[in-house]
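Q:
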Ligand SMILES: Cc1cc2nc3c(=O)[nH]c(=O)nc-3n(C[C@H](O)[C@H](O)[C@H](O)COP(=O)(O)OP(=O)(O)OC[C@H]3O[C@@H](n4cnc5c(N)ncnc54)[C@H](O)[C@@H]3O)c2cc1C
Ligand SMILES: Nc1ncnc2c1ncn2[C@@H]1O[C@H](COP(=O)(O)O)[C@@H](O)[C@H]1O
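Residue numbers (the working numbering), protein chains in the order written: chain A, 11 to 271; chain H, 233 to 552.
(1) Is residue 503 of chain H close to ligand 1? I mean its beta-carbon at under 6 Å from any heavy atom of the ligand.
(2) Where DSSP assigns a beta bridge to residue 384 of chain H, which residues make up the other side?
(3) Please go through the same chain and pick out, in chain order, the residues whose beta-carbon is closer than 7 Å to the beta-carbon of residue 315 of chain H, but skip the five residues on each side of it.
(4) Under 6 Å Cβ to Cβ from residue 88 of chain A, same chain only, skipping five residues before and after it: list those, please.
(5) Work out the CA separation of residue 391 of chain H and residue 350 of chain H for me, nearest whole Å.
(6) Between residue 215 of chain A and chain H, is the shortest Cβ-Cβ distance under 7 Å, so that the two count as touching?
(7) From which residue to which residue does the beta strand (DSSP E) around residue 345 of chain H run?
(8) For chain H, check one thing: does any of its Cβ atoms lie closer than 7 Å to the Cβ of residue 39 of chain A?
(9) Using only alpha-carbon positions, find the residue among A:152, A:32 and A:134 that is nearest to residue 501 of chain H.
(10) From H:531, H:389, H:504 and H:522, pick the residue whose C-alpha is nearest to that of residue 368 of chain H; which is it?
(11) So, using beta-carbon positions, are residue 189 of chain A and residue 123 of chain A closer together than 7 Å?
(12) Alpha carbon to alpha carbon, how far is residue 92 of chain A from residue 148 of chain A? Give it in angstroms, no decimals.
(13) From the DSSP output, read off the bridge partner residues of residue 369 of chain H.
(14) With distance defined between alpha-carbon atoms, name the residue in A:239, A:58 and A:100 nearest to residue 77 of chain A.
(15) With a threshold of 16 other CB atoms inside 10 Å of the CB of residue 416 of chain H, please say whether the residue is buried or exposed.
(16) Would you mind telling me which residues of chain A sit closer than 7 Å to residue 476 of chain H, beta carbon to beta carbon, in chain order?
(17) Which residue comes first and which comes last in the beta strand (DSSP E) that contains residue 518 of chain H?
(18) Which whole-angstrom value describes the C-beta separation of residue 460 of chain H and residue 442 of chain H, a residue pair presumed to lie in contact below a C-beta threshold of 8 Å?
(19) Are any of the Cβ atoms in chain H nearer than 7 Å to that of residue 259 of chain A?
(20) Compute the minimum distance between the beta carbon of residue 483 of chain H and the heavy atoms of ligand 1, and state whether it is under 6 Å.
(21) For residue 332 of chain H, count neighbouring C-beta atoms within 10 Å of its own C-beta (all shown protein chains included) and say buried if the count is 16 or more, exposed if not.
(22) Would you mind reading off the limits of the beta strand (DSSP E) that contains residue 259 of chain A?
(23) So is the beta-carbon of residue 517 of chain H under 6 Å away from any non-hydrogen atom of ligand 1?
(24) Does chain H have any CB closer than 7 Å to the CB of residue 32 of chain A?
(25) Please report the Cβ distance between residue 154 of chain A and residue 330 of chain H, rounded to the nearest whole angstrom; I am assuming they are in contact, meaning their Cβ atoms lie under 8 Å.
(26) Measuring only between beta-carbons, confirm whether residue 368 of chain H sits less than 7 Å from chain A.
(27) Pop quiz: residue 301 of chain H and residue 192 of chain A are said to be a contact at Cβ under 8 Å. What is the actual Cβ separation, rounded to whole angstroms?
(28) Which two residues bound the contiguous alpha helix (DSSP H) that contains residue 53 of chain A?
(29) Which residues in chain A have a C-beta closer than 7 Å to the C-beta of residue 307 of chain H? List them in chain order.
(30) Answer yes or no: the CB of residue 48 of chain A versus the heavy atoms of ligand 1, is any distance below 6 Å?
(31) Going by DSSP, which residues form a beta bridge with residue 513 of chain H?
(32) Residues of chain A with CB closer than 7 Å to the CB of residue 525 of chain H, please, in chain order.
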């Protein structure tokens with residue numbers, strides 16, 4: 011039987027661009043280019059490697075996001091995923107992590123899955139909680155923050171390098187996995203991959219396709235509220251000296267002045 | 233006064249510093265009730281009490297160590313039901329965030345992660361967060377259910393405030409999911425003897441400019457002269473020169489020390505995300521155009537192999 015893998019990928023504003031807030035204190039997506047979150051490329055890569063090892067596997071990439079989020083799906087398809095699902099609805103504007111996880115959970119269930127693979131965190135929200143929430147909502151094991159992952163005989167195994175220990179983890183499928191940026195460089199799409207991606211199917215769903223009411227998501231349905239956002243004051247210009255042989259001593263004098271030595 | 237649940241991060245009963253900060257912040261919202269799980273849980277009570285815990289709920293069972301996260305979620309849910317708190321606070325560790333998130337779903341509450349400050353507002357706790365690689369500071373609150381908030385290390389100075397804090401056994405029944413993810417083996421990381429990166433008052437980091445694993449002792453020597461922790465950029469980690477646990481930045485640790493010294497680091501946005509909120513920033517880089525210089529209080533344009541050893545010697549001399 012075929013191994014059904016769903017990879018959750020997010021379309022995010024480029025971190026090297028000038029990210030800021032819109033008037034309603036949601037992310038302003040107008041002025042910054044978007045792209046497939048680099049941390050989700052690692053998830054796509056691990057899905058491709060797991061599929062390679064399996065007798066028969068099918069990879070679906072899934073995103074919840076605006077119209078432009080299709081770019082993220084195309085990129086994942088050009089890397090080698092088989093098909094894509096795009097959940098898009100005007101009522102999704104301003105949805106928070108709990109709302110997004112509800113939409114993802116329903117979409118994953120509707121797609122059908124044995125293994126869900128996520129990135130370790132989104133590069134814009136950087137919460138890193140969605141995979142755990144998704145596992146909770148789906149009622150399946152979470153095997154998260156893996157720097158190494160493999161699937162064999164219906165079992166997913168992985169290594170988690172934590173703050174205080176390295177753990178080897180194991181769970182029976184179906185399961186939700188997340189992988190870190192230590193899991194191995196993601197491949198670049200080949201020209202052939204880019205051409206092939208144009209013909210791969212992209213299914214679009216809206217909230218009604220997933221039996222979700224508008225009130226359950228979006229800014230109104232959010233469980234958290236941002237009351238204010240302030241730009242961090244620019245750091246006042248510091249002293250910069252060129253080393254003419256005394257740079258280390260000058261630095262030491264500065265540290266002494268600030269009472270660090 | 234309302235009670236606030238505080239999840240205790242401990243290693244065999246030794247409470248880690250971020251939990252003391254959490255207990256300190258919790259007192260702004262209500263009376264802290266600590267929850268400690270696993271081996272040594274009851275041993276945390278004295279410390280938790282010293283920092284203001286009015287009660288310490290403890291539970292130990294093999295499940296906490298043998299299976300990932302869910303047994304602890306079950307325990308926190310039991311504590312939530314027993315206490316009916318005004319808020320539930322966790323340290324922003326990988327585990328803390330995952331427990332918090334799953335608890336939030338179960339109790340139908342909103343969640344805020346990675347707060348760097350917490351105060352009591354008219355409509356409940358208000359969390360300060362640092363977003364977009366610390367370019368913005370936001371204030372947020374939770375509008376549904378009992379606020380579940382995770383707080384970053386170094387968000388407050390721990391202040392002792394002795395309270396009764398007796399250990400009480402917490403009754404936990406494990407859910408069906410509790411044994412879903414087995415921890416097959418666990419190897420504790422060896423301590424380097426240096427301060428913990430996220431807790432250190434001073435951090436000295438090396439980047440690609442350090443040029444190789446064999447040169448990192450230059451960075452370590454400076455760190456040791458200052459009693460500092462050692463950090464590294466992702467370029468240095470990816471090259472295999474320093475362990476990933478020492479990586480500073482978006483996909484590594486966020487540090488906010490009194491002093492951050494960057495040697496041979498360019499200052500890419502993803503690195504800045506992890507160190508931008510440091511109080512004083514110093515850099516040594518041979519490229520005068522490196523973006524790290526936009527952040528510094530003091531910068532030296534020069535070769536780190538000249539500047540850093542000289543600095544180390546001078547620090548040692550001054551310290552005597
Ligand atoms: C999704 C994502 C997540 C990321 N997460 C992180 C993260 O968590 N942390 C992180 O650090 N990066 C992260 N990065 C990578 C980041 O974009 C940069 O590539 C990285 O920070 C560069 O490291 P560096 O400054 O050491 O190297 P470089 O950018 O190559 O800079 C090296 C610097 O050393 C200087 N130099 C060289 N020799 C000397 C010498 N002898 N003396 C003095 N100076 C010298 C050079 O002038 C240069 O400025 C991430 C990237 C992505 C896409
Ligand atoms: N809108 C989204 N669409 C698809 N996947 C998402 C979305 N948001 C988050 N994810 C997935 O969840 C992971 C963690 O996200 P977060 O908890 O937001 O940091 C990401 O790396 C993605 O795999």
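All C-beta atoms in this analysis are idealised placements derived from N, C-alpha and C, irrespective of residue type, glycine included.
A: Short version:
(1) Distances from the CB of residue 503 of chain H to the heavy atoms of ligand 1 include at least one below 6 Å.
(2) Its beta-bridge partners do not exist; DSSP assigns none.
(3) Within the same chain, residue 315 of chain H has close Cβ partners 235, 237 and 265.
(4) Cβ neighbours of residue 88 of chain A beyond the five flanking positions: 199, 203, 204 and 207.
(5) Rounded to the nearest angstrom, the two C-alpha atoms are 15 Å apart.
(6) Taking CB atoms only, residue 215 of chain A has no neighbour in chain H less than 7 Å away.
(7) Segment 343 to 353, the beta strand (DSSP E) holding residue 345 of chain H.
(8) So, not an interface residue.
(9) That would be A:134, whose Cα lies nearest to the Cα of residue 501 of chain H.
(10) For residue 368 of chain H, the nearest C-alpha among the options comes from H:504.
(11) With contacts defined as CB atoms closer than 7 Å, residue 189 of chain A and residue 123 of chain A fail to qualify as a contacting pair.
(12) If you take the alpha carbons of residue 148 of chain A and residue 92 of chain A, they lie about 23 Å apart.
(13) A:240 and H:362, per the DSSP bridge assignment.
(14) A check of alpha carbon separations from residue 77 of chain A across A:239, A:58 and A:100 identifies A:100 as the nearest.
(15) A residue is called buried once 16 or more other Cβ atoms fall within 10 Å of its Cβ, and residue 416 of chain H, having fewer, is exposed.
(16) Those are 171 and 192, listed as they occur along chain A.
(17) Run containing residue 518 of chain H: none; DSSP gives neither H nor E here.
(18) About 16 Å separates the two Cβ atoms, so there is no contact after all.
(19) The beta-carbon of residue 259 of chain A is placed less than 7 Å from the nearest beta-carbon of chain H.
(20) Yes, the Cβ of residue 483 of chain H comes within 6 Å of a heavy atom of ligand 1.
(21) Buried: at least 16 other Cβ atoms inside 10 Å.
(22) Where residue 259 of chain A is concerned, there is no enclosing beta strand (DSSP E), although the alpha helix (DSSP H) it sits in stretches over 257 to 267.
(23) Checking the Cβ of residue 517 of chain H against ligand 1 gives yes.
(24) Judged by the 7 Å Cβ criterion, residue 32 of chain A is not in contact with chain H.
(25) A Cβ-Cβ separation of about 7 Å places residue 154 of chain A in contact with residue 330 of chain H under the 8 Å criterion.
(26) Answer yes: the Cβ-Cβ gap between residue 368 of chain H and chain A drops below 7 Å somewhere.
(27) Between residue 192 of chain A and residue 301 of chain H the Cβ distance is about 20 Å, and since that is not below 8 Å, they are no contact.
(28) Run containing residue 53 of chain A: 48 to 63, per the alpha helix (DSSP H) assignment.
(29) Near residue 307 of chain H there are no residues of chain A at all, since even the closest Cβ is about 15 Å away, more than 7 Å.
(30) Look at residue 48 of chain A: its beta carbon is less than 6 Å from one of the heavy atoms in ligand 1.
(31) Answer is H:492.
(32) Listed by position along chain A, the residues whose Cβ is nearer than 7 Å to that of residue 525 of chain H are 250.
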